[in-house]
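J.: Handing you this structure, nothing more for now.
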Amino acid sequence: VGLFTGGCHKFEMVGWGSTPIVWKLEGKFWDQNRLPMTIIKPFGYSSTRTLLHVICFWSWTILLFAAHYYKYKQSQRIFAERAAELEEKVNGSDEIKVKVENEPEGEMPDAVEDEEHTIA
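Under the working numbering, the first residue of the sequence shown is numbered 1, with each subsequent residue one higher.
Structure follows, in structure tokens:
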């Protein structure tokens with residue numbers, strides 16, 4: 001969110017025009033170009049917030065939450081479908097097929113013969 005907001009602010013400074021300042025924090029400590037606040041600048045900190053900053057912050061935040069919610073709902077749907085398929089497989093048949101490999105003792109076979117056994 002912070003990088004997106006900062007990028008939009010750079011476009012604002014380049015020549016798209018300036019939006020009104022919403023608030024400005026005074027003092028050397030709060031200046032985003034001096035330590036320690038310059039450390040958190042990439043995360044969206046600015047001592048002066050314009051209307052563009054505020055709109056970009058909230059629109060990007062809402063977009064991210066909506067995308068995460070959508071992905072969460074999609075994953076829940078997929079988990080429910082897989083659980084239903086598994087339940088159908090388990091409850092739909094009383095027989096479970098097990099694959100057994102026959103291997104003679106003492107030597108390595110060239111080809112392994114597979115047999116299917118039914119357990120009731």
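Backbone N, C-alpha and C fix where the C-beta goes; we use that ideal spot for every residue, glycine too.
Taking all protein chains shown into account, do 16 or more other C-beta atoms lie within 10 angstroms of the C-beta of A120, making it buried, or fewer, making it exposed?
T.: Because A120 carries a pLDDT of 49, less than 50, the predicted location of this residue cannot be relied on, and the following value inherits that uncertainty. Exposed, since its Cβ has fewer than 16 Cβ neighbours within 10 Å.
J.: Is there contact between the stretch 36 to 49 and the stretch 3 to 22, where contact requires at least three CB pairs shorter than 8 Å?
T.: Enough Cβ pairs lie closer than 8 Å, so yes.
J.: With distances taken Cα to Cα, identify the nearest neighbour of S140 among I55, H9 and W30.
T.: In this structure the chain extends from 1 to 120, so residue 140 is not present and cannot be described.
J.: For K24, which residues does DSSP report across the bridge?
T.: Partner(s): T48.
J.: Do you know how far the Cα of H53 is from the Cα of G15?
T.: Straight-line Cα distance between these residues: approximately 16 Å.
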